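Taken in order, the sequence shown gives residues -25 to -1, 1 to 1096; the numbers are from mature numbering (1 follows the signal peptide of the UniProt record, and there is no 0).
Positions of the beta carbon are idealized from the N, C-alpha and C atoms, including for glycine.
From a predicted model like this one, the values you see are computed outputs, not experimental measurements.
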Amino acid sequence: MPAFPRTLYLCIGCVLLLSSSGSVGEQALAESPSTDVPVDFSRDIRPLLSDNCFKCHGPDEGTREADLRLDTEPGLAQAITPGDAAGSSLVERILSHDDDLRMPPQGSNKSLSEEEQQSLVAWIEQGAQWQQHWSFVSPALPEIPDCPANPINSASDPTARDLPAPSPSQQEEVDDWCRNEIDRFILAKLTEVGLSPSLPAEPHTLVRRLYLDLIGLPPSPEEANEWIARVWPDYPRSQRMKEEAYQALVTHLLNSPHYGERWARRWLDLARYADTNGYEKDRDRSIWPYRDWVVNALNADMPFDQFTIEQLAGDMLPGATQSQRIATGFHRNTMLNEEGGIDPLEFRYHAMTDRVATTGTTWMGLTLGCCQCHTHKYDPITHTEYFQIMAFLNNSDEPMLELPEENFQKEWAQNRARGDKLLAELSERLQGEAWPPVHSKAAADAKAADSSSTAQAVANANAPPQNTLETAFAQWLEVERANAIDWSKLRPIRASSNLPILTIQDDHSIFASGDTAKRDDYVIEFAPSDAPITAIRLECLPDDRLPARGPGTTYYEGTLGDFFLTELKARSGDAPLPFLGATESYAKNRFGSNPVSAALALDGDVQTGWSVDGRQGERHVAVFALEHPLAPGQPISIQMTFGRHFASSLGRFRFSAATAPSKDVPQARAYAESTARLLRLPAGQLSAADQQILLEAFLLSAPELADETAKIRKLLQRPEVTTTLVMAERPSGHDRPTFRHHRGEYLQPEESVKPGIPDILPPLPAGEEANRLGFARWLVTAENPLTARVAVNRQWEAFFGTGLVKTVDDFGFQGDSPSHPRLLDWLAVTFRETDAWSMKKLHRRLVSSATYRQSSVVDESGAVIDPENRLLSRMPRFRLDAEVIRDSLLVVSGEFSPELGGPPVRPLQPTGVTEVAYGNPTWQASSGEARYRRSLYTFAKRTAPFAMFAAFDAPSGEACLANRPRSNSPLQALTLLNDVMLIDLARATGRKYASLRDEEVAEHETGKSQDSTINPLRAKLTLLHRALVVRPPTAEELDLVEQFYAQQLTAFRSNPPEARELLGPQFELSSSPAAASTSPDTTTTATRELSESERERLAEVAAWTATARAMFAIDEVQSRE
C-alpha cells in the first residue's frame, strides 16, 4: 500500500508529543469516570488505541512517527505516567484544545469520543496496567459459574417481557435451565445486565433446527413426527423433553453420512474450493477427490489436529498414504493463470501469498495478508515474519496424483484383450484383399472420380493389378527393416537446468520436476561412448507423474502434457557438433498453422520447434543425425531449450546413440521395443507369431486404415484415470529459496529468509524441523494460543449466527473482543484436551446446551438492552446458506439424490450465465439423477458462479472466506420464484402433491374440518407446509394458502395453454400413477388436444406447481428459526 503523505502539522504534532506544554482539558479530566470502576486495558483501552493511534504509532516502522510506539508496553510507557493522567503527555495531547497539537491530528478522520477520553484517563489513574492482547495468551480453563434455579424468572420479571408465561411443563424445563457448562457462562453474562434466557423452542422448530444445523437437510414430516413423539412424548399437551431421546436424535444426525457433506461445505469456503483454475481462461480442473476427502474425514470425525496436519503436510508424513496425499489439495485450490504471455513463476508467487493469507485466516485468525507489502499496521507481525511463514510453505512442488480405480488394471487388461482380438480379426478379414481395402476411406476417395465412361472402363481394365494386403505389408516391411537401427542408451552422468529439478533414473532416462519457466534450458552430460556416434535419438517418455502422463510438463495454458522443443544442440567438450538433419515419429502444433518438426529444433530460431499436440500420454521419438561421426571415447553433452509463450518443457526423456554409418537421416519410429527388435532380425529368423506381430503393427500405422483402427488404438492405450492436485515436498538438496519481496512485489526480491514463527507467538517445539510438516504440527500444539480458539469460534458462529469473537477471521488488534472470553477459553481448552480435537463432540456439546434450545422469539427487554443479541437471551434467527436452501427444496420436491461423492455435476440454471466467461462456454445441464445431486457437488466455475448460489451470497472460490455475508435483496425473492432450476423443483413438487391419494394424508390432523371429516386439500397443503418448515401452519396461514391454490386452479382451468407453459413441454399426464392408469397416450400435453378429465388434471398439477413455487419464497423457508 502507498505511504500516507506526512503533512506539516502531523510532523510537528508527533515530534512535540512528549515535550509540549499545551493546555490540558481540565474539565475532561474532572469528568473522568470514578477510579472505583475498573477499566480493562484489553477490553477498553487497546481497541481505541488501535483504531486511532496504531497507524502512525504502531508496529509498522515504515510509517511510524516520532519514533513512538503505543502498541507495546515499553513504548506506551514513554507517553504515560501511571497514576497521574494529568502528568501524562498522551492525555495532554489527546485533550489539547490546540488543533496543531491535538491527537489524533486533523485530517486523519479519527477522534476519541468523550467516553473514550474519560476511559483512558481513568485507566491511567488506576495504574495503567498493561496486558498482552488476549488472543496471544494461551487459553486456560476458567472457573465455571454457578447456575441459579429458575433463571428465566430470576433475572427479570417475566411479565415485563414480550413472551408468553411458561406452561407448567416449560416451567419444569427452565427450573434447572443449565444443561451443560456453556449455559453457565451464558447465564452469568445475562444476569450481569438484567436479562434472562428465553423459553425452550417449540418441538417442530427445534427438530428442524437440529437437522439443518447438523446435516444441512430438513426432516420429512414423517421424520419430524417420529422424533417429536420420542423426544416430547406428551406433546402437544406438554413440552417436557426426554433428554435421552434428544441425545439419540443428535447421535442419529451426527452419524448421518450427510453430516460430512454439510460441514465440508463450510470448510471448502476456507479452502477456496472450485472446479476451475480461475483468472481469465478459467479452465476446468480435477480436484474433486480433495472435496470428497474432506467429507469422509468429517464423517469419520478425524481429530482436528490430524485434519490440519494432513491438509498442510500429509505428503510428508512417514509412509504417506494416498488419502493423506489427496488431503494436501487444500493448498492446491489456489487459482492458476493461463493467460497468454504470463510468467508462471510470478503467478506461483501470487499463489504463495494466497496460501499464507489463507493459512493465517483458517488456523490463526490473523490478517497475515496485511504484512505482504509492509509490517502490519496494527498487529505485531513484521514484513519479514510474513515471508518467514511463507518459507515454511514454499518448498513444495505441485504435481498431479493419479487415482486409478480399484479394478483399473483388470479393466485395462480386458480392453487390451478386446483390442488384440479386433486387430487379429481385422488382419484375418483383410487377407488377400486389394489394397487399400475397398471399404476404407482411401479406397472411397480413389473412386470419387466418375468411372462410368467407356474410356475409363477400358483404362481400368488395362491397369496393372491392384496391391493386396500382402504386397503392401511386404513393401512396408522392406522400408522399416532398412530403417531399423540398433540404438544404445547413453548414460547420463550429470543433468542441470535453469530451474526444473532433473533427476537421473535407473533406466538412464531423466525426469523433470519442480518449477518451470517460459523458457527452460536443460544440459545433459553423458559418459563417453565406446563406439563412434552417428546419430542421436531422443525418446519422449510418458510418466504417471506428469500432466496427462506427459511426456511434457505443460500445465499452464497449453495442452496438458505437451512440450515445445525450440532448440537442440550437442557439444563435445568446447566443440559444437553440427547436425545433418532430424526426423520425428509424430508432430502437431496446437497454436496457429505454422509447421512443427524435430528439424525446426535445429534452425536457431526459438520461435519454431517440435510439439506433439493431441498425442499426450504416448511415447514419441526424434532422431538427430550428426554431420560427422563422433569418435569413440569423446565427451558429449546435449543442450535442449524449451519455450513458447507458456512453459512447455519435457518431463521425462532418454537419449540413445546409433553407431552404424548412414548417408541419410534415419527415420524416427516410436514402435514398441518388442516390434523394433523384430524389425532388426533377419527375415529367416521370424516365426509365424513374429510375422503376425509385425503385420498388426503395419495395420495400426497404416494411414489408409486410420478410421477403422481408431477404436482398436483406443482400446490398446492406457485408459484415462481420475487425477487430483496435490503438494509434494522437493527432494533433499533442492530447497527452493524464499526471499523478502520489497513492498510485496514479485519483481523486487531482497534478502533470503528462513522459515520462522513470529516473535509474538510460541516458537517451534524443540526438535521440530522448520518445514511444512513442522509448521503444521506447531499450529496444533497446546502452546499455540490461536488455533483452538479460532476453530471453536468458527463452529460457534455456524450454530449461533455470530462468533463469540464477531470477527471470525481477525483475532488481532482490529478484531472484536470476545463477547464471552471465559467461555471461549473453556471451549478451546476442552476441545483440544478433553475432546481430543473431536468436531462431533464439540457439535454435540453446542447443540446439547439450553442456550441452543431456546426460542428465537424476540422480546422487548432483550431488544433494548442487547439489540444484537450478543449475550444470547434468545436463539438467533438467520438466513440459511444458499446450498441449504436448494438442498431443502430438493428434499421437498422428492427429487433429492442422496448419492455421496464423485465428479461435479451441473444442475439447471438460467441460460447465458456461463457465456460471460472466457470462451463463452455453455452450461450443459446434467441429466437424470445427477441433475438433483446435493449442492455440494455442483460444478463451481470461478468466473461464472452458479446463479442461484451467487444470489444468496455463496463464495466464488477465488479467496478464503471465513464467514459468508448475509444480504437481503429483491433478487433473492425473484430467484426463488423464477430461476429455472427452482421452477423445475416446483414442477416436481406439484406433480408429487397432485398425485397424493387421500388416504396418504388422512393421518394429518390439521386437515380435519370441525365435523372431523378429512378435508384432503387442506391436509395436502398442511403436509406441504410441514415439508417446507416442519411446523404445521396456523389456521390463518392455511386459509391463505388454500385461497391461493383455489385461485390458481380456477385460472388454469380456464387457460390450459398457460398451465402447459408453466409445466413445460415435457410434462406428461401419464407421469402420475392415476393418469397412467386412465390414459395410455404418453404424448406430451403440448402436442395434442386434451379430454375434459385431462384438462382438469393439467389444471390441478399446474395449481399445485404454482402453489409450491409461491411457498418456496416464504421467508421462513429460507431461515433457520
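Would residue 410 and residue 447 be called neighbours here (beta carbons separated by less than 8 Å)? Cβ distance < 8 Å, so residue 410 and residue 447 count as in contact.
Identify whether residue 1091 lies in helix, strand or coil by the three-state DSSP scheme. Residue state, collapsed to three classes: helix.
Selected residue, minimal CA-CA separation from residue 491, among 1064, 871 and 323: The candidate whose alpha carbon is nearest that of residue 491 is 323.
Rounded to whole angstroms, what's the CA-CA distance from residue 431 to residue 682? Just pull it up for me. The pLDDT assigned to residue 431 is 49, lower than 50, so where the model puts this residue is not dependable, and the model offers no usable value.
Where in the region 254 to 332 do unbroken runs of the alpha helix (DSSP H), each at least 4 residues long, occur, reported from the N-terminal end onward? Contiguous alpha helix (DSSP H) elements confined to the region 254 to 332 occur at 263 to 274, 279 to 288 and 297 to 302, taking only those with 4 or more residues.
Limits of the beta strand (DSSP E) - the one that residue 515 falls within: Per DSSP, residue 515 belongs to the beta strand (DSSP E) from 508 to 515.
Proximity winner among 880, 478 and 69, relative to residue 91 (alpha-carbon distances): Among 880, 478 and 69, the Cα nearest to that of residue 91 belongs to 69.
What is the rounded straight-line gap between the Cα of residue 844 and the Cα of residue 165? If you take the alpha carbons of residue 844 and residue 165, they lie about 10 Å apart.
Using 8 Å as the threshold, is the C-beta distance between residue 512 and residue 392 below it? Result no, Cβ atoms of residue 512 and residue 392 do not sit closer than 8 Å.
From residue 850 to residue 708, what does the alpha carbon distance come to, in whole angstroms? Rounded to whole angstroms, residue 850 to residue 708 spans 57 Å at the Cα level.
Thinking C-alpha only, which one of 854, 531 and 881 is nearest residue 258? Closest option to residue 258, Cα to Cα, is 531.
Mind checking residue 116: buried by the 16 CB within 10 Å criterion, or exposed? Classified as exposed, residue 116 has fewer than 16 neighbouring CB atoms from the shown chains inside 10 Å of its CB.
Is it buried or exposed, residue 1082, if we count other Cβ atoms within 10 angstroms and call 16 or more buried? For residue 1082, the number of other beta carbons within 10 angstroms of its own is at least 16, and it is reported as buried.
Bridge partners for residue 472 per DSSP, in chain order? BP columns for residue 472 point to 497.
Neighbourhood of residue 865 by C-beta distance below 7 Å, restricted to the same chain and skipping five residues each side: Answer for residue 865: 871, 907 and 960, listed in chain order.
Within a Cβ cutoff of 7 Å, which residues of the same chain sit near residue 754, ignoring the five residues on either side of it in sequence? Only 283, 338 and 762 meet the Cβ criterion.
C-alpha distance - residue 696 paired with residue 909, whole-angstrom precision: Distance between the alpha carbons of residue 696 and residue 909: 24 Å.
Status (buried if at least 16 other CB within 10 Å, exposed otherwise) for residue 1118: Outside the displayed range of the chain (-25 to 1096) lies residue 1118, so it cannot be described from this structure.
With a threshold of 7 Å on Cβ separation, who are the neighbours of residue 307 within its own chain once the five nearest residues in sequence on each side are excluded? Spatial neighbours of residue 307 in its own chain (CB-CB distance under 7 Å, excluding positions within 5 residues in sequence) are listed in chain order as 262, 373, 700, 701 and 702.
Please check the pair residue 597 and residue 585, which I expect to be a contact at CB under 8 Å, by giving their CB distance rounded to whole angstroms. Right, their Cβ atoms sit about 6 Å apart.
By the 10 Å Cβ neighbour count, where 16 or more other Cβ atoms means buried, how is residue 836 classified, buried or exposed? Label assigned to residue 836: buried.
Given a threshold of 16 other Cβ atoms within 10 Å of its Cβ, counted over all protein chains shown, does residue 1016 qualify as buried or as exposed? Counting Cβ neighbours within 10 Å, residue 1016 comes out buried, since at least 16 surround it.
How far does the beta strand (DSSP E) with residue 807 in it reach, from first residue to last? For residue 807, no beta strand (DSSP E) run applies, since DSSP gives it neither H nor E.
Limits of the unbroken alpha helix (DSSP H) element including residue 1000: 991 to 1004 is the span of the alpha helix (DSSP H), which, as asked, contains residue 1000.
Alpha carbons only, please: which of 1004, 1076, 15 and 679 is nearest the one belonging to residue 442? When each option's Cα is compared against that of residue 442, the closest is 679.
Could you check which residue in 216, 113 and 168 has the C-alpha nearest to that of residue 151? The shortest C-alpha separation from residue 151 is found at 216.
Could you spell out where the beta strand (DSSP E) holding residue 375 opens and where it closes? Start and end: 375 to 378.
Top-ranked residue by Cα proximity to residue 204, from 191, 218, 249 and 999: Closest by C-alpha distance to residue 204, out of 191, 218, 249 and 999, is 218.
How big is the Cα-Cα spacing for residue 516 and residue 778? Going by the C-alpha atoms only, they are around 54 Å apart.
Taking the CB atoms as reference points, tell me whether residue 336 and residue 937 lie closer together than 8 Å. Contact check for residue 336 against residue 937 passes: the beta carbons are separated by less than 8 Å.
For residue 668, name the three-state secondary structure that DSSP assigns. Here residue 668 sits in helix by DSSP.
Taking residue 686 as part of the alpha helix (DSSP H), name the residues at either end of that continuous run. For residue 686, the enclosing alpha helix (DSSP H) has its first and last residue at 681 to 691.
Output needed for residue 785: all residues of its chain with C-beta closer than 6 Å, excluding positions within five of it in sequence on either side, in chain order. Taking C-beta separations shorter than 6 Å and ignoring five residues to either side along the sequence, the partners of residue 785 in its chain run 342, following chain order.
Determine the direct distance from the alpha carbon of residue 830 to that of residue 162, and round the result to whole angstroms. Distance between the alpha carbons of residue 162 and residue 830: 15 Å.
Examine the Cβ distances between the region 707 to 726 and the region 359 to 377 and report whether three or more of them are shorter than 8 Å. Yes, since at least three Cβ pairs between the region 707 to 726 and the region 359 to 377 fall closer than 8 Å, the two stretches touch.
If the criterion is Cβ atoms closer than 8 Å, does the pair residue 802 and residue 111 meet it? Not a contact, by the Cβ cut-off of 8 Å.
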